[in-house]
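Participant: Pasting a structure below so you can have a look.
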Amino acid sequence: MAEYKTKEQKAKFYNSSQWKKLREDIKKRDSYECQECKRQGRVAIDKNEYSEKAKRKKIALVVHHIKELEQYPELATDKDNLETVCVNCHNKEHGRYLHGFNNKKVNKWAHDERW
Ligand SMILES: [Zn+2]
Ligand SMILES: [Zn+2]
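Note that our numbering has the sequence shown beginning at 2, numbered continuously upward.
Structure, rendered in structure tokens:
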């Protein structure tokens, strides 16, 4: 089974054409909306200010592994384990136990999955 423990292994995965394609499939499936914001009823569409398209463009979306790649390599490409979230929610997702003192880790993640 493939392992994604080292930075190199992860980089290889996130750079693969398989992931790039899958990532787009997931975003499309999730209508290019942050699923976490949606759960919290925060997909407030401000039609006055932005068109739907412009609004979506403004938000950087990340395809997130619900169960972490490192711990669950077998779920790396499982669509049920993937969801579209915005960068804000993604940082929270990975940094919810950190209180701002370990930004490095959070940033690293935001980056990894955005590739
Ligand atoms: Zn969000
Ligand atoms: Zn993530």
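Even glycine gets a Cβ: it sits at the ideal position worked out from N, Cα and C.
(1) With three or more C-beta pairs closer than 8 Å as the rule, is the stretch 14-21 touching the stretch 31-44?
(2) Relative to ligand 1, is the shortest distance from any of its heavy atoms to the C-beta of Glu37 smaller than 6 Å?
(3) Quick check on the DSSP output: the beta strand (DSSP E) that includes Leu62 runs from which residue to which?
(4) Which residue's Cα is closest to the Cα of Ile1: Tyr5, Val86, Lys68, Lys8?
(5) The alpha helix (DSSP H) that contains Leu23, what's its start and end?
(6) Closer than 8 Å by C-beta to Glu94: which residues in its own chain qualify, once you throw out the five before and the five after it? Chain order, please.
(7) Does the Cβ-Cβ distance between Ala77 and Leu70 come in under 7 Å?
(8) If you drop the 5 nearest sequence neighbours on each side, which residues of the same chain put their C-beta closer than 6 Å to that of Arg30?
Facilitator: Answer, in terms of the structure:
(1) Between the stretch 31-44 and the stretch 14-21, the count of C-beta pairs closer than 8 Å stays below three; the two stretches do not touch.
(2) yes
(3) 62-66
(4) No statement about residue 1 is possible, as the shown extent of the chain runs from 2 to 116 and does not include it.
(5) 18-30
(6) Glu37, His65, Val86
(7) yes
(8) none
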